[in-house]
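Q:
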Amino acid sequence: MTEQELIDKLKEEIIKQLNLEDQKPEDIDPDAPLFGEGLGLDSIDALEIMVLLEKNYGIKIEDPKEGKKIFFSVRTLAQFILENQKPA
Amino acid sequence: MSEIFINGISCISPQETFNNSDFPAEWTDYSGDFLSCREPVYKDHINPTLARRLSRYIKMGVTTALTALKDAGTEMPEAIITGTGLGSTEDNEKILLAMHENQERMINPTHFIQSTHNTISSQIAIMLKCHHYNNTYVHRGFSFESALLDAMLLLREGRSRTALVGGVDALTEGHYINYERISRWRRNRSGSLKMITDQGKGVIPGEGSAHFVLSTDKTETSYASLKALKLVYKPAEPAALTDAASNLLKDGGLLPQDISLLLYGHNGDPEGDRWYQDFHQSLFCGTPSAYYKHLCGEYDTAGAFALWMASMIMRRGRVPSGIMTKEGAAGDIRHLLIYTHHRGDQHVLCLLSRV
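Going line by line, the protein sequences match chains A and B.
36 is the number that my numbering gives to position 36 of the first sequence; each next residue is one higher, with no gaps.
Numbers given in my numbering equal positions in the second sequence, counted from 1, plus 1000.
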């Protein structure tokens, strides 16, 4: 899966997981911050995304300090998944 | 002792009751085996960013709470009290299912956070930034009435001047399936509006949310005066109820013939409905009577729908079509007595008077 394909997939999954009813995938800028500004997500959403990563991609974030960098945008999330996903 | 007035109401039910200043033009007849609420567009009432995390029963509860306050012209109640029988069953079902599917790992935090029964009361308090008394009662068929009793005590003791009280229950798939296994439900054979007359063992479930703003201050738009509330647990025989009603009326300086209308909780199960027949014949023979559960179905806090109906009757000064029993039309309605019970165990008497 290419980075762009994964970004598109992640957008759909985030909308579903966080119940962002008013958002469409094309509304989400892959480089915009997910938290604070941009989508305006909060700490509970961060936990939901952590569950999503583990459930859908088998990836656990071992070092919570890394979270800020990984969860910065949809693109950084996609890059983290591509770097850490174990081959099927 | 302070008199208590109902100054604001709001109700989401299987009927068109929400944001309706009058009775619906006609009652909705359901052909399915349960009655579901006719829900409003929640983002018109709750911030969508917040609403996305809330389960259906919380959205129902918060919405009726906010609109009841608006109806009363009250911004900040001095107590928030909720009664719920099922509470957060919806979120609990989601957690348990996720635990089962994921081998007890990867549980979504949102459902966990919302999964305590006091979520509605606390969510209302957070939205209003209300730091006053906050409580939730989960006592099956006494859930709403326990909340109501708590509010009445607070108001009468002078500890609060206004209280927001609600009864909220939403039917869930898991609850329906579980209770179907123990034959709690019966099939809806001839439409929900004929639920009372088309009798059979078991009940047809429903759901709803209703909130009330109670106050010691009477306003120009007060619906009714809430005179008395009596809860009777597992009475040995029907005479215990007539004794309780006689004492309740006596305490208010009333006689049975002073009651203009009785509102009963028939649900079409003969075993439960006999309580109402005995009660009526013993003390209120000839008094006009009405029922309401064919409009909302049976659920733990259906008494909140009864209080909404009673409040509307008192405010409008008339009984809507389709709820009277054979006794005929009620005349001038000065005093209304609600008598309802839950599975023959939890019996409630509630007296309202015109303001």
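Even for Gly, the Cβ is constructed at its ideal location relative to N, Cα and C.
Since we're looking at a predicted model, the values are computed, not measured.
(1) Under 9 Å between beta-carbons, which chain B residues line up against A:Ile-44? List them in chain order, please.
(2) With a threshold of 16 other CB atoms inside 10 Å of the CB of A:Glu-48, please say whether the residue is buried or exposed.
(3) Can you pull the DSSP bridge partners for B:Val-1165?
(4) How many angstroms separate the CA atom of B:Gly-1297 from the CA atom of B:Ser-1036?
(5) Please report the straight-line C-alpha distance between A:Leu-18 and B:Gln-1123, rounded to a whole angstrom.
(6) What are the residues in the segment 18–39 of chain A lying within 9 Å of chain B by C-beta distance?
(7) Return the residue from the list B:Ile-1338, B:Pro-1288, B:Thr-1325 that minimises the CA-CA distance to B:Ala-1310.
(8) Just to check my reading of the structure: B:Gly-1272 and B:Arg-1343 have Cβ atoms closer than 8 Å, yes? What is that Cβ distance to the nearest angstrom?
(9) When the distance is taken between beta carbons, is B:Asp-1300 closer than 7 Å to B:Asp-1217?
(10) Taking B:Tyr-1008 as part of the beta strand (DSSP E), name the residues at either end of that continuous run.
(11) Span of the alpha helix (DSSP H) holding B:Tyr-1176?
(12) Where does the unbroken alpha helix (DSSP H) through B:Pro-1277 begin, and where does it stop?
(13) For B:Ala-1306 and A:Ala-46, what's the separation of their Cα atoms in angstroms?
(14) Is it right to say B:Leu-1255 is buried, meaning 16 or more other beta carbons lie within 10 angstroms of its own, or is it exposed?
(15) Identify the contact partners of B:Pro-1238 in chain A, using a Cβ-Cβ distance below 9 Å as the criterion.
(16) Is any heavy atom of the ligand ADP found at a distance shorter than 6 Å from the C-beta of A:Ala-32?
(17) Check the Cβ of A:Val-51 against every Cβ in chain B and list those closer than 7 Å, keeping chain order.
(18) So A:Lys-11 contacts chain B; which residues on that side make the cut at Cβ distance below 9 Å?
(19) May I ask which residues mark the beginning and end of the alpha helix (DSSP H) holding B:Cys-1296?
(20) For a contact meaning CB atoms closer than 8 Å, what does B:Asn-1102 contact in chain A?
(21) What does B:Thr-1049 touch in chain A if you count any residue whose Cβ is under 8 Å from its own?
(22) Measuring CB to CB, does B:Ser-1209 end up less than 7 Å from B:Asn-1007?
(23) What would DSSP say about B:Leu-1336, mapped onto helix, strand or coil?
(24) Of all Cβ atoms in chain B, is any one closer than 7 Å to the Cβ of A:Leu-47?
(25) Can you give me the C-alpha to C-alpha distance between B:Ile-1126 and B:Arg-1053, rounded to a whole angstrom?
(26) In the structure shown, what three-state DSSP assignment does A:Leu-47 receive?
(27) Check B:Gln-1346 in the structure and name its three-state DSSP category.
A: Taking the structure as given:
(1) Arg-1053, Pro-1109, Thr-1110, Ile-1113
(2) buried
(3) B:Ile-1081, B:Phe-1212
(4) 9 Å
(5) 19 Å
(6) Leu-18, Asn-19, Leu-20, Glu-21, Asp-22
(7) B:Ile-1338
(8) 7 Å
(9) no
(10) According to the sequence provided, residue 1008 of chain B is Gly. The question's Tyr does not apply to it. Segment 1005–1012, the beta strand (DSSP E) holding B:Gly-1008.
(11) 1173–1181
(12) Pro is not the amino acid found at residue 1277 of chain B; the sequence shown has Gln there. Residues 1270–1283.
(13) 43 Å
(14) exposed
(15) Neighbours of B:Pro-1238 on chain A: none; closest Cβ ~49 Å, over 9 Å.
(16) What this structure holds is no ligand at all, so the ligand ADP is not there to describe.
(17) Met-1106, Asn-1108
(18) Result: empty, since nearest Cβ-Cβ is about 16 Å, beyond 9 Å.
(19) 1293–1296
(20) Lys-55
(21) Gly-40
(22) no
(23) strand
(24) yes
(25) 14 Å
(26) helix
(27) strand
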